[in-house]
Amino acid sequence: MKNSILLSLLLCSTSLYAQDMVLVDQAKTAIIDNLKTREATNKCAEFMGVAATDQSKQPFALATCDNTFVVANGLTFSDVKVVESESGKAVCGVVSGKTYLSKIGARFVYVEKNNAVTIKPSKQPVMTSSAAGEFGRNQVKIENKQYDLVSTAHCQSPAN
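Residue numbers for the sequence shown, in mature numbering (1 follows the signal peptide of the UniProt record, and there is no 0): -18 to -1, 1 to 142.
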């Protein structure tokens, strides 16, 4: 009797673990797709070409090239956890990679219920550059606040 209970618990936990691994894989795919979309709008080569002939454009060109993940350079996921709350399951973690110039990281939340991805990059030099002005700085604040709200709602264990 004792062995059959242990076997049942083992099978149940293995099944739940497998479900969580599928969810983590879905989250990673969604994060990669999101980063590819962001990368597609990056105009690094164009800005570097302009900066080559106009030195005054170089700071903005460098900021542009150091602003987004270059997915082809590889990504590493860490601190990935599946959190279940009253609003459903979410995958929370960190993705690291490279821009055209240096390293970059971001915290992320993937919400299973609506397949939503929220990302908070470690840096956003284009939006915080002098060229972006107050609008850019406000945009970064809004995006960071959105991440904080989503993270608080979905990445905190119910016991917290």
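We put the CB at the ideal spot given by N, CA and C, even for glycine. Being a predicted model, the structure only gives us computed values, none of them experimental.
**Request:** Thinking Arg33 and Val99 are a contact (beta carbons under 8 Å), I'd like their distance in whole angstroms, please.
**Result:** For clarity, residue 33 is Ala in the given sequence; the question names Arg instead. Contact annotation, Ala33 with Val99: C-beta distance approximately 32 Å; criterion of less than 8 Å not satisfied.
**Request:** Could you give the DSSP three-state label for Glu116: helix, strand or coil?
**Result:** If DSSP states are grouped into helix, strand and coil, Glu116 belongs with the helices.
**residue 143 in three-state terms, based on DSSP** = Residue 143 falls outside the range modelled here, since the chain spans only -18 to 142, and no answer is possible.
**Request:** Buried or exposed for Asn49, please, with buried defined as at least 16 other CB atoms from any protein chain shown within 10 angstroms of its CB.
**Result:** Buried is the call here.
**Request:** Starting from Gly87, follow the beta strand (DSSP E) in both directions and report where the run begins and ends.
**Result:** Note, Gly87: beta strand (DSSP E), Lys85 to Val93.
**Prompt:** Contact between the segment 111 to 121 and the segment 56 to 76: three or more CB pairs below 8 Å?
**Reply:** They do not touch, by the three-pair rule.
**Item:** Rounded separation between Phe29 and Lys71 - CA only
**Value:** Straight across, the Cα-Cα distance linking Phe29 with Lys71 is about 41 Å.
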